[in-house]
Structure formats: C-alpha cells, structure tokens
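Chains as they are written, first to last, in the working numbering: chain A, 2 to 294; chain B, 2 to 421. Just so you know, even glycine gets a beta-carbon here, dropped at the ideal spot from N, CA and C.
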Amino acid sequence: MTQLVQALALGLLIGGVYALMASGLTLIFGVMNIINVAHGALLILVAFITWRIWSLTDIDPILLSIVMTPLMFGFGWLLYKGVLSRISGSSPGMSVLLTFGIAITIEGVLNVTAGNRFRSATPSYFSESYRVFGISLPKAQVFGCLAAVLVLGLLYIVLARTWTGRAIRATAQNSSGAALVGIQAGSVAALAFAIGTATTGVGGSILSVLYPFFPASHYDWISRLLGIIVLGGMGSLAGALVGAIILGLAETLTATYGSLQWSTLIFYGVIMVVLLFRPQGLFGSRLRQDVMA
Amino acid sequence: MAKQHKPGHVARGGWSRSTVRAVAASAAVLLSVAACGTKPSEEAGSGSDDPIVIGISLPLTGDFSQPGGEARKGYEIWVDQINADGGLLGRQVELKITDDASNQDTVVTDYTKLITQDNVDLLLGTFSTLLNFPASAVAEKNGMLYVEPAGGAPKMFDRGFDKLFFAQQATAEHQPDVFVDYIESLPENERPKTAAYPTQDDPFTTPVIESMQKQLEALGVETVYTTTYPADATNFQTIASAIAAAKPDLIAQGAVFEDGVGLVRSLQQLNYSPKMLFQTSAPSNAAQYSDGIGVANTEGVFYTVSWNEKANTPKNEEFVAEYAKRFDGGIPAEDAADAYAAAQVVQAAVEAVGSLDQDRLADWLHANEVETILGPLAWDETGAPTSDFLLAQWQNGAVEIVAPADAATTDTVVAKTPWQ
Chain A
2 MTQLVQALAL GLLIGGVYAL MASGLTLIFG VMNIINVAHG ALLILVAFIT
52 WRIWSLTDID PILLSIVMTP LMFGFGWLLY KGVLSRISGS SPGMSVLLTF
102 GIAITIEGVL NVTAGNRFRS ATPSYFSESY RVFGISLPKA QVFGCLAAVL
152 VLGLLYIVLA RTWTGRAIRA TAQNSSGAAL VGIQAGSVAA LAFAIGTATT
202 GVGGSILSVL YPFFPASHYD WISRLLGIIV LGGMGSLAGA LVGAIILGLA
252 ETLTATYGSL QWSTLIFYGV IMVVLLFRPQ GLFGSRLRQD VMA
Chain B
2 MAKQHKPGHV ARGGWSRSTV RAVAASAAVL LSVAACGTKP SEEAGSGSDD
52 PIVIGISLPL TGDFSQPGGE ARKGYEIWVD QINADGGLLG RQVELKITDD
102 ASNQDTVVTD YTKLITQDNV DLLLGTFSTL LNFPASAVAE KNGMLYVEPA
152 GGAPKMFDRG FDKLFFAQQA TAEHQPDVFV DYIESLPENE RPKTAAYPTQ
202 DDPFTTPVIE SMQKQLEALG VETVYTTTYP ADATNFQTIA SAIAAAKPDL
252 IAQGAVFEDG VGLVRSLQQL NYSPKMLFQT SAPSNAAQYS DGIGVANTEG
302 VFYTVSWNEK ANTPKNEEFV AEYAKRFDGG IPAEDAADAY AAAQVVQAAV
352 EAVGSLDQDR LADWLHANEV ETILGPLAWD ETGAPTSDFL LAQWQNGAVE
402 IVAPADAATT DTVVAKTPWQ
C-alpha cells in the first residue's frame, strides 16, 4: 500500500514538472501551428545559464527562474520576429525544419561555449526529502512541482481571464475569425511564442536541479514532450497537464510493479489507443475546416 | 489552414524564400554530417612522400557527442606527436575525421566513403558498440584493419572477423573480473551477503552487470534485486525505493552516466547508503561525477576502467601533459586515452610490418602484444583482448587504482562512508 502511494505521489510530482515543460510547446502549436522542435534545446539553454549563475553565485537555481523567465520571454519575442515570422502561413512541416535548425544551432553554441559535458546544479536540498506518513518526497522534486503548478496556474489565468489571453485563444481557435474582429494575428503570434518560450525559463531552471544535462540532452526532452502533447491534444493546456501526469505515473508505476523498461512502451501504447478513438488527443478539439478562410 | 494561404502571391513570395533558406540550411547540415572532400591518397605502401591518411568517423554530434569529442582529442594528440617524431614509415600522417551524428546509418556511409572514395590508407574505429558494430562490418568487407577504441560487447566478437581489434584490456563480460577477484580476496565475513543489480539497457553495461551477478552468485552473494531500465530513464526514485526496501550490502549498477548520478541522488534522498557501491562507467567521469553527487559522497565508490592518468605506462605522462596543455589543464577522459591507445596499436603494427598491407598488419596484431598507455594489450583470434581491466576507487575526492597489484596506485582500499 505504501509502495502504491509512494509511486502515485512521485508520479504526480514528476508529471507536474513535465507538464510545465510541455505547456509552452502546446501553446505555441495551438496558436501558430508551429511545432517548436527547439523547445527542448531552449530548456537546456536555460538549464546551462542557470547552472552557470548558480555555480558562480550560489543563488538558488529554482529561484533564478524569476530572472530567466522575462529573459526567455524577450528571447522568444526576438526569435519570432527575427526568424519564425518569416514562415508564418506555411506548413507545420516547414516549422519543424526551421526549429530543428534552431535546436542544432543552440546545441552547437552550447558545445563551444559551455563545453560538451554533463552538468547539474546541486543546491543543499537536492539530496534531501520530506517524509510524510512513511513515504518520501524529494525536496527538489517538490519545489520543482510547486513552481510548475504556480506557472501553469498563472498561464491559465492569463489565457482565461485577460483580453490578451482571449485574443490568443481566439487566434488558436479560428485565426481568420479572430482577424475579422480586429485581432492582429502577427502580434498575437509573437506574444504567444514569447509566452511559450518564457515557460522554458522556469522549466529549464528546474531541469538543472532535477536532471543531469549536456548540450545534446535536448533530443530526449523534445521526444518526451512531443509524446505528452500528442496524447493530451496538441494545443491544449489541460491536455498537456493530463498527458504529463500519465507519463509520470507510467514511469513510477511500471518501475514499482514491473520494470522501468516497460514505461516507454506503456506510455506510447496509451497514446496509440487514445489516438485510435480520439485522433485529436484527449483534450484536443477538432478544427472545423469549413469555417476557415 | 496553410493550404488556403499558399496560392496567394504575397504568401508565396515569403514562402518560397524561406523554403530556399530552410532547404539550404538542411543541406548544410547534411553536408557537414557527410563532410566530403575528395583528395584520394596514393596507393598504399608505394613509398611515396604523400601523407598516410587515416579515415575515422566519430559521433561528434548527437547522443554520443561527448565521448566522440574526447576520442577526437585523443586521436589528434597522437597524430601531432607522431608527426613531430618524423611520422609513420617516414611519411607524415593525416587524419580524415567525419561526423556520424551518433547514427548507425551515417557511420556505415562514412566508412564506406572513406574506404571506396577517399581511398584512405588506414582506418581507426569510432565510439560505442552501437556504431562500431556496423562500422567494423564495412571495414571487414573491404579488407581493412579496424582497431576500435570502444565497443566491447560480446556480440562484436562472434562474427568471425579477422581484421577487428578492440583496443582495451577486456570485453564487457570480463570487465567485472577484477572486482569479483577483489571480493573473493576478502575474508568471508567482510564480503557482501546480498546485492542489487540495476542496469541500463545498454550493450556495454548489461553484459558487465549480468556477468558480475553470475560470478558473485557463485561466490555465495545473494541477489535481492535486479532491474533493467531504458537509456532515456531520468527518474530513479522508484528504483531507489525498491532497492532501499531490499537492503542490499552491495549495489552494482550498470551506469553510463546520468543514470549513475541519478540513482545515487535518489538513494541520498531516501538516505539509503549501501556498504559497497560499484558503478560501471559513471564514476570514471572525474569532476562531472563528483560535481553531480557531491564530492564527499564519492568516498569508496568502485568502478572498473581501462586507463588512469597516473598509470606508469609508456607515453602516458606525455599524453596527459599534452592534453593538459591543450585543454586548460584538463585531465583526459578515458575515451580520449582509449582513442590514443587504439592509434598506438595501429602505429605499432605498421612500424613492425613496415608497410600498409592490411592482411599482414592484422596477422601481426594477432601474434603480438602491444605496449600502450593502457598497458600491454594482446588479442585472441576474434580480436577480443585478453588482459584485465583496472579496479578503481574514489578515495578522498580523487581516483586511485586498487587492483591489479602491478598497476595499483595505492595499496589501501577504503570503506564506503554514509551519504553526507
């Protein structure tokens, strides 16, 4: 019984962090039809910067996300205006090619500047746990998950309660309709991309504490995150959360009651079954092509 | 949605321009991966003054970029040193290194091209069993000597190849022998009674751990936990709790790197410290390992390794000094040393045979022992090496070799301390 509760608790903690990492990816896809393959590389970039600042100053890496988030917001804005806006309106396939190029560029720059070796931030609490009713909750994982919940909550409020958020959602649901009521697609897209990128400011900071990383780690992360948003429904924030928790639970439950080797198979098995019955993913909405200009 | 936009003139103008750029960018990537250049070298052994060209494909990008980059450093230090000493057979040596992006298909293309189009005189191997397995088949098919610095999985050597040589001391299944010998040398009451064997699903770690389990069970060490996890596993808390529940005296993990750090961190979080800890290659990553788990927590950790910077082997001191000079005082990674040793093996064969005749080079290596910075290496008829690895242990924040006796840098073995 304790074993089951332990596995569930860990699965939820892990899933929370995955959800945060996937949220920016799904947001960007939802609004712009851009599959941002560079999302993993951006996470690793932030992790490197966070790790560097932490090792020089000893400032808590997860707290550093307060600085990294606005920085990444600005970086995302520039990236969109400078590079991605040039392919707006072309197929998602083109965005994969372009953002893959950005990912390789970031990996290369990190290789040259930061060095091709493993890093991980180890603040004093990284090896400690809270013990609650006989189950242990690693502090770093708890802090990471709390930060993730906070950011996801903020993101939800921005999207659901502000005019900016309504404009973003309107563009995601029907870009032509949004344009008809006076929403400028260009600036909404830039904003959504910047917000999506800003989430890597928190995600990357947490990653630097929880997982050892090196420049090429982004391939592992992007494949995991794409799996999550396909399962949850591409473009859906709630879908990213549920998809991430399913992956987290698949990892901890298979490791507890079988072998971790099965977790990947089970996760993708769930994706296949879901896609058979709901091709748009758990929370994805079918686009009504007939009302689109 | 995109479909409706395409016919528009404005959209099309921007679209095709960016298409061109994207295609150009991807083409550039492909080209750099396949890195061509067509300077065919002269017929081997013709006694010309042209440089001897050695073809190598390495994973310089992608998953294995870290060891691949280290291997490249090892090869480059070797080639500069040999050229400064007057070259090989009186000719200068040139390396032709291409990037296989850690991809099995690309490595096959690379070696095929190096052999058939670039007509290189010699080959050196790439990194990991995954890449060396297909690459060595290309070399064998083309009758080229193939000395590999890594790739010790048993399946490499059951294909009946006669031009393949593994330039380390032992294949994966014999890698733990030196640790098992150490356990056997302990008085009965000091030996671990129980052991847990978590391992990554990796052709290099799994055979090591399986072989260790079999050998230790024969010594009477009871197995209380085993598991295999995939290469992309990042969360180790559940495995750690299962291990903590089984309370083994010894944890022997088949760890590549992140997984080694990840499991130790999770064990720390649970405050379960085994009496003995062995990990395959993670602890050999010097500062990256001690930074990852905290230097105080490295005390007493065992691993087996092919090379050590303090080892008193021919050329080792020069190699370590040159590496430090080039890379800000850094200590070479094991992969750099293994690559250097592989090049030394080829060098020894070429100098002894006096030509670049691939058959004679292979025959010579099958019959002779070669002195390298790893120590003496010799091979059986399959190209599998026949020596023993070194048993290393973290002591006081540094690595010492504790066995075998003739290579040991210290004669004390310390006990593992609890997590700090």
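- Rounded to whole angstroms, glutamine 174 of chain A and serine 91 of chain A show a C-alpha spacing of 18 Å.
- With fewer than 16 other beta carbons inside 10 angstroms of its own, glutamine 105 of chain B counts as exposed.
- Rounded to the nearest whole angstrom, the C-alpha separation of methionine 33 of chain A and valine 209 of chain B is 49 Å.
- Glycine 282 of chain A is positioned such that its CB atom lies closer than 9 Å to that of methionine 235 of chain A.
- Beta-carbon to beta-carbon, isoleucine 83 of chain B and glutamine 348 of chain B are separated by about 7 Å, close enough to satisfy the 8 Å threshold.
- Using a 10 angstroms sphere on the CB of glutamate 352 of chain B, the tally of other CB atoms stays under 16, which defines it as exposed.
- Considering only A/Ala148, A/Ile54, A/Val110, A/Asn37, the residue with the shortest C-alpha distance to glycine 94 of chain A is A/Asn37.
- In the displayed model, serine 356 of chain B falls within coil according to three-state DSSP, outside both helix and strand.
- For asparagine 117 of chain A, the C-beta contacts it makes with chain B under 8 Å involve Ser66, Gln67, Gly70, in order along the chain.
- Considered as a whole, the stretch 82 to 148 of chain B harbours 94 to 100 as its complete beta strand (DSSP E) runs of no fewer than 3 residues, in chain order.
- Between alanine 234 of chain B and aspartate 260 of chain B, the beta carbon gap of about 6 Å places them in contact (Cβ cut-off 8 Å).
- Contact of aspartate 221 of chain A with chain B is assigned, a C-beta pair being separated by under 9 Å.
- Within 7 Å of the CB of glutamine 269 of chain B, the CB atoms of chain A belong to Ser128, in sequence order along the chain.
- Of all C-beta pairs linking the stretch 194 to 211 of chain A to the stretch 45 to 54 of chain A, three or more are shorter than 8 Å, placing the two stretches in contact.
- Annotation for serine 130 of chain A: Ser137, Leu138, Pro139, Lys140 place their beta carbon closer than 8 Å to its own, counting only its chain and skipping 5 residues before and after.
- Note that the C-beta distance between asparagine 143 of chain B and threonine 107 of chain B is not below 9 Å.
- A check of alpha carbon separations from glutamate 211 of chain B across B/Ser388, B/Ala253, B/Asn236 identifies B/Ala253 as the nearest.
- Cβ-Cβ separation between alanine 243 of chain B and tyrosine 273 of chain B: approximately 11 Å, too far for a contact (criterion under 8 Å).
- Valine 222 of chain B sits in coil when the DSSP states are folded into three classes, being neither helix nor strand.
- For a Cβ distance threshold of 9 Å, residue set Arg118, Phe119 of chain A lies close to asparagine 286 of chain B, ordered along the chain.
- Boundaries of the beta strand (DSSP E) harbouring threonine 305 of chain B: 303 to 306, taken from the DSSP string.
- When C-beta distances to chain A are compared with 8 Å, the residues of the stretch 250 to 275 of chain B below that value are Phe258, Glu259, Val262, Gly263, Arg266, Ser267, Gln269, Gln270, Leu271, Asn272, in chain order.
- Annotation: glutamate 129 of chain A is outside any alpha helix (DSSP H) and is labelled neither H nor E by DSSP.
- Chain B has no Cβ within less than 9 Å of the Cβ of glutamine 174 of chain A.
- In this structure, the CA atom of phenylalanine 284 of chain A is about 21 Å from the CA atom of histidine 40 of chain A.
- Nearest Cα to leucine 378 of chain B within the set B/Val414, B/Val400, B/Val346: B/Val346.
- The alpha-carbon of tyrosine 19 of chain A is positioned some 37 Å away from that of threonine 110 of chain B.
- Distance between lysine 316 of chain B and alanine 322 of chain B, taken at the CA atoms: about 10 Å.
- With fewer than three CB-CB distances shorter than 8 Å, the stretch 118 to 132 of chain A does not count as touching the stretch 175 to 189 of chain A.
- When Cβ pairs closer than 8 Å are counted between the two stretches, the stretch 65 to 80 of chain A is seen not to touch the stretch 237 to 253 of chain A, the count staying below three.
- In chain order, Thr228, Tyr230, Pro231, Ala234, Ile240 make up the part of chain B whose C-beta sits under 7 Å from the C-beta of leucine 261 of chain A.
- Nearest CB-CB separation between leucine 64 of chain A and chain B: not below the 9 Å threshold.
- Glutamate 185 of chain B has its alpha-carbon roughly 14 Å from the corresponding atom of leucine 392 of chain B.
- For glutamate 191 of chain B, there is no enclosing alpha helix (DSSP H), since its DSSP letter is neither H nor E.
- As computed with DSSP, glutamine 348 of chain B is found in no beta bridge at all.
- Nearest in C-alpha terms to glutamate 401 of chain B, of all of B/Asp381, B/Leu271, B/Ser285, B/Pro60, is B/Ser285.
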